Amino acid sequence: MKRLYLHIIHLVAFVFVCQVSVSQDIGRYPVVNYSHREYSGHSQSWSIVQDKKGLIYIANNVGVIEFDGSDWRHISINGALPRCLDIDGNGRVWVGAQDEFGYLSADSSNNLKFYSLTHYLPETYKPFGLIRQVYSTKEGVYFSSNSLLILLKPDLSIKVWTPKTMFHRTYFVNGIIFSNQKDYGLTYLSNDTLKIVPGGEVFGSKLIYTILPYDDKYLLVGTQSSGFFLMDNSFTFPKKNQEEYKGIRKFETDNESYFQDNWVYSGLQVDEDVYAIGTYRGGVAFINKQGRTVRKINQKVGLQDDAIWHLFKDNQENLWMALNNGISYTPIYSQLTGWNEESGFRGVLQSVVRCNGYVYVSSNVGVFVKKNGHFDQVKGINDLSWKLKVVGNDDSGESLLAASSSGIFLIKDTYAQMIENGKLHSYCFLQSKTYPNIVYVGLRDGVGVIRIYKGTYKLIGKLEGTTGEVYTLTEDTNGDLWYTERYKGVGFVDVINPYQLIHERPFSYSLPNKPKCDDISVVLIDGHVKVSSEGGLARFEMSKMEFVPDSSLGVEFVDGSTGIRIFNQDFRGNIWFEAYKYAPNRWLERAVKYPNSIYRREPAQFRTIPETIFFDVYTESDNITWIAATDGLFRFDGRFDVDNKKILKVLIRQVNASKSSKIYNGATFSPSSQSAFPGNVVAHESDIVELPYRYNSLSFSYSSPFFGQQQRLMYSYYLEGYDEGWSDWSYSQSKEYTNLPFGFYKFHVKAKNLFEVESPSVNYMFRISKPYYLRWYALVLYSLIITMIVWFVVYLNTRILRVSNIKLQQLVDVRTKELVRSEQILLEKNLELQHQKEEILAQRDEMQDQNKHINASIQYATTIQQAILPDLSTSFEGLFEHFLIYLPKELVSGDFFWVSQSGTKGKKTEKLFVAVVDCTGHGVPGAFMSLIGSRLLNEIVNERKVHNPAAILTELSNAVNVALRQDVSESFDGMDVSLCMIERKSDDLYIVTFAGANRPLFYYSKGDERIQTLKGNRKSIGSVLPDVEAEFTNWKITMRPGDMLFMCTDGFTDQNNAFKRKFTTCRFHTYLLTNIEKPMDEIARALVAEFDEFKGDERQRDDITVLGIRL
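According to numbering that gives the first Met the number 0, the residues represented by the sequence shown are 0 to 1110, in order.
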């Protein structure tokens, strides 16, 4: 039932695929041709059969040819020309030839030989001419020539029928012998009598070349040039089962002229609903029971000759064709078909896609579109073209983009037009899912951005910072862009606004196994970013922020031993990829997705594709997959399965001894007088061949008749009694053993095809006899000789041992004295080391004490520094709201803030001076600088009454130069200062005067949508380094109650995260604006929280001071 079920599936699939092949042109099926030079025979072959072992036999003009898938052997038919073959139930091959008939069997030398049975035919019937048909039946074997119909019965008796006119052709259908007699009609054999078929006279003037079963009642009759007929076959039924006879009627086909013009010559029912019809000059046509032509095989699709003399279906669903010029076969079922340059395209294919119903391919000479089964070149693009991409948008539906060396093109039907600004060498495309009207394009020098607007395409620019040749692109689930640069690796871009080309600086990642990145691609698989390269497969691990090896498709892609290139993930979640170990050894695989993202690889399905380099795989939603490779375009139909696990057989074809004597030649049984028909041509595994010892060097030749994969079958052997186990798989079809020891051996061999299916093993058993020098008398002599040698060796060794013992005792005495002296030296060294240890411990204790004093001093310095910093709550009490973020990197800080009031009237302060200062360095050196700066500011403002911010900075700079003696010491120490003077003019008006030394002032006016910046002068306080600007400048701004001022050192905005990116002033402004309406303490907490989240586990780079004031 299982085989029947599979058979029905194959039938339905075949009919469906064949119907599609005519209407939509699904490409060429593979055709294997053998010329007469390959089999060393005549060009004409007339009949083909296959025995139970799988061997093919061909009736050729030079004799019968046996083919095992690798070697051809010729069997002479007593010099006669054979014309027909058949196989009986025992696997015996029957042969009909010119004035000859008989069978094939083995002779005494294990060679297959023809045995003639014509001597059983009475001489009165000789010569009988060419036997054209032979049929093995339960009644016996029928041989038919133009003049005789001969039945050779199992008891070797003969029955002969002669025609009314002449036997044109004889057929055996549904257990009945039919014979067409020229100018008489179609006859059939009933009760040993040839009778005319009811209505069969109509075929007297028509030459019948095939009769095939149609259904339970009808037969399909094919004539040479008069078409096909359905013949009611019920007249051959037992009388109790006979129905009303319907006669003979015309069977119409959809291509009558084809059969009339090319002449029907042979026929075969390949399945329940499909027939193969061989013609005289038009190849083979497949028709179904409705008369529709579903497939043709002829010279246009690779067949070497269109004259088909015979058709045969082997046990692997291959259709064999005996031709006027050679022998050919093709698979009846195939999921893979293909096109080459004869179909219209040129060059090496790079990409394949379907758009608006048409298949497009790109190559090194342009882009081609398939219409009416032929590829035509798209006009307007004639250069090296890389990736084709179908882009969808809401405005105009599907569009096709082509990346080429001359630019970016939009293809419409058979015309290509360059997009606006598109004259750039491009490689690939990616339509963003986050921004559907954006298409990223891989360029020779980075990543470009194409905008789709109302059906038009425009290259609006390039993402700054991306460089190199970008061959692949993908977008992760966060909308971030990943790309690969040839010879560089993987890049990442955090895209903020592609319409305005706004993005963070690109960042690069390294890969496991350090590949050369010559062949590298990035894809999104199941939401994970994965990179395939010659170093294997890697997955981006977000928690580690790095690429790690990925074993989801196999462990060989983890250790760097096997390269991989992922093409895509299809609609069903299956992954298509190419795997390779080195340049020629590349293969295509499909990994089928199962629940929980488990994948099962299926490499065998595509091993029938010749070794090639794959460039692109495109899968459609109906499970049709297109494959672009160096050898052309392939189409894989995944809608049905072909049984790739057919039973595989292996045969031992020859055994030779010492390279000269042939022991076995593939056949076993010989003719015997015990049986009328000698036994089958099958080797018995139970036979043991006895071999003399001189034949201890043997060579075995083996083969497998698994047609279509002969050159890619692999074999493994094992000589039981000699080898430890099975050998590695190899393509070799022979094995030699030299100088085998005597004993019993069993040689095993098995085969494996491309689909990883192994055959059952076959064996050859033999026994090698003992050589003369291993007989009993030789063993006795050997024993005596060995006994004498042992006695002499023992005597000699005893003398040598005595002398050695004396010398050894002397040596022991010397070594004992040396050990005593060495022990004394070691004791002295040990005392010396103990003294050194005590000195080191004393030094350690002294250093620990010094460290405690230093830490205490630093802690006291912290207390001093805190004492000089103003209390802002007191300074701003009743005046302004404020917040302060003060985060020293170490215990003491190089940052400080300073506040001073001047000119108060009552409780209202007329002038308020506020400064945030960043001193050179941090820790203790920075703290000393902060003490100097704070003291100098108090002196300048409070004692010397300098109230102009620019003048204050000038005085401060001069004072620092004097304090640090920088005119003679060339000290680089200095300060960056942000200084404000706030003057209250009225209840709703403030004048803020600002001067800065390398630091800005940020301010916010209530109701604005952004934070403004006043830049300080590019001039330092102190330091001997040259200044960009000569003088400090005052900036004045008018502010209202509710407006805000922000002053900070650079430690906050320059802090980096794990990706080495800075917090940046832009991000600082963003989070200020987000929380601007909140109370000041909440603003501070929000900033610190965002800062800590951004910094993560990274160390703080610098001292941090941020002061915010709300007027």
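We put the beta carbon where it would ideally sit given N, CA and C, even for glycine.
Quantities reported herein were computed from a predicted structural model and do not represent experimental measurements.
{"Asked": "Rounded straight-line distance, which links the Cα of Thr861 to that of Val891", "Found": "5 Å"}
{"Asked": "Same chain only: Cβ atoms within 8 Å of Leu930, ignoring 5 sequence neighbours per side", "Found": "Ile863, Gln864, Ile867"}
{"Asked": "Local conformation of Leu1044 per DSSP, three classes", "Found": "strand"}
{"Asked": "Interface flag, Tyr989 vs chain B, CB-CB below 8 Å", "Found": "In the structure shown, chain B cannot be found, because there is only a single protein chain."}
{"Asked": "Beta-ladder partner(s) of His502, from DSSP", "Found": "Val494"}
{"Asked": "Assigned exposure category for Leu1110 - 16 Cβ within 10 Å defines buried", "Found": "buried"}
{"Asked": "Contact under 8 Å by Cβ, Thr483 with Val521", "Found": "yes"}
{"Asked": "For Glu533, the three-state DSSP class (helix, strand or coil)", "Found": "coil"}
{"Asked": "Contact set for Ser361: own chain, Cβ-Cβ below 6 Å, skip 5 residues either direction", "Found": "Gln349, Ser350, Ser384, Leu387"}
{"Asked": "Nearest candidate by alpha-carbon position, reference Leu193, set Asp517, Ile149, Val940", "Found": "Ile149"}
{"Asked": "Stretch-stretch touch, CB-based, cutoff 8 Å, three pairs: the segment 135 to 153 with the segment 161 to 170", "Found": "yes"}
{"Asked": "Nearest-angstrom Cα separation, counted from Asn762 out to Ile687", "Found": "11 Å"}
{"Asked": "Where the beta strand (DSSP E) containing Gly396 begins and where it ends", "Found": "396 to 403"}
{"Asked": "Buried/exposed call for Val1105, threshold 16 Cβ in 10 Å", "Found": "buried"}
{"Asked": "Per-residue DSSP class, three states only, for Asp272", "Found": "coil"}
{"Asked": "Length of the line joining the Cα atoms of Pro153 and Gly139", "Found": "6 Å"}
{"Asked": "Cys1065 - containing alpha helix (DSSP H), residue span", "Found": "1064 to 1073"}
{"Asked": "Pair within 8 Å by beta-carbon distance, Ile47 and Trp319", "Found": "yes"}
{"Asked": "Cα-Cα separation, Glu755 to Lys580", "Found": "19 Å"}
{"Asked": "Three-state secondary structure (DSSP) of Val283", "Found": "strand"}
{"Asked": "Tyr1002 versus Glu419 - alpha carbon distance", "Found": "43 Å"}
{"Asked": "Residues bridged to Met1038 (per DSSP)", "Found": "Tyr989"}
{"Asked": "Chain-order list of residues whose beta-carbon lies under 6 Å from that of Tyr717 (same chain, five-residue window excluded)", "Found": "Trp725, His747"}
{"Asked": "Cβ-Cβ distance between Val92 and Leu103 below 8 Å", "Found": "yes"}
{"Asked": "When Lys888, Tyr257, Glu577 are compared against Glu601, the one with the closest alpha-carbon", "Found": "Glu577"}
{"Asked": "Local conformation of Gln653 per DSSP, three classes", "Found": "strand"}
{"Asked": "contact_flag[the segment 1093 to 1100, the segment 1029 to 1041] where n(CB pairs < 8 Å) is 3 or more", "Found": "no"}
{"Asked": "Check whether Phe408 and Ile449 have beta carbons under 8 Å apart", "Found": "no"}
{"Asked": "Minimum length 3: unbroken beta strand (DSSP E) runs contained in the segment 348 to 374", "Found": "348 to 354, 357 to 362, 365 to 370"}
{"Asked": "Reference Leu206; option with closest CA among Asp214, Gly184, Leu878, Phe570", "Found": "Gly184"}
{"Asked": "Range of the contiguous alpha helix (DSSP H) that encloses Met1079", "Found": "1079 to 1094"}
{"Asked": "Nearest to Gln732 (by Cα), restricted to the options Arg1060, Ala1057, Pro704", "Found": "Pro704"}
{"Asked": "In chain order, each beta strand (DSSP E) run of at least 3 residues that lies wholly inside the segment 758 to 841", "Found": "761 to 767"}
{"Asked": "Simplified DSSP assignment, three categories, for Gln965", "Found": "helix"}
{"Asked": "Nearest residue (CA-CA) to Leu219, options Ser256, Ile307, Ser265, Gly346", "Found": "Ser265"}
{"Asked": "Same chain only: Cβ atoms within 7 Å of Asp972, ignoring 5 sequence neighbours per side", "Found": "Thr919, Met928, Leu963, Gly1021, Ser1022"}
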